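S.K.: Letter by letter, the sequence shown follows residues 15 to 116 in the numbering used here.
What follows is a single structure, and I will ask about it in a moment.
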Amino acid sequence: MYLITAIYTMNLEDYMLPCLNKQLLGVDCPGCGMQRALHLLLHGEFVAAFQMYPAIYTILPLFALVIGNKVFNLNINQRLIIILGIATVALILINYITKFIN
Numbered sequence: 015m016y017l018i019t020a021i022y023t024m025n026l027e028d029y030m031l032p033c034l035n036k037q038l039l040g041v042d043c044p045g046c047g048m049q050r051a052l053h054l055l056l057h058g059e060f061v062a063a064f065q066m067y068p069a070i071y072t073i074l075p076l077f078a079l080v081i082g083n084k085v086f087n088l089n090i091n092q093r094l095i096i097i098l099g100i101a102t103v104a105l106i107l108i109n110y111i112t113k114f115i116n
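This is the structure we're talking about:
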């Protein structure tokens, strides 16, 4: 409960890391927008999080499954992890390409 209260009361945007690729080269990296999307997601702005970084909805379950499989030995189906991994990479690439087109 304290964590939820802390998330809503503190300004997480003050602690976000800048993208070194964007600072040095002036070009977004494939991960640009992930921190902001996670911030939006934590604040219940689900549509805005998807618009910011669509892969956030596949990265989080993928991360949870991989950690759960390695740390807790949950014997999760590897096929599911592979499918989520492919979907995540596809969404990241599609998002990255559309940033350059627009």
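In this text, a Cβ means the ideal position worked out from N, Cα and C, and glycines have one as well.
Predicted model only: the values in this text are computed from it and were never measured.
So, with DSSP's three-state summary, where would you put Tyr110?
M.R.: Three-state result, Tyr110: helix.
S.K.: Would Thr72 and Thr112 be called neighbours here (beta carbons separated by less than 9 Å)?
M.R.: Result no, Cβ atoms of Thr72 and Thr112 do not sit closer than 9 Å.
S.K.: From which residue to which residue does the alpha helix (DSSP H) around Tyr67 run?
M.R.: Where Tyr67 is concerned, there is no enclosing alpha helix (DSSP H), given that its DSSP letter is neither H nor E.
S.K.: Work out the CA separation of Leu38 and Asn83 for me, nearest whole Å.
M.R.: Their backbone Cα atoms lie some 37 Å apart in a straight line.
S.K.: Report all residues from its chain with a CB closer than 7 Å to the CB of Met48; omit the five preceding and five following residues, and keep chain order.
M.R.: The residues are Tyr67, Ile70.
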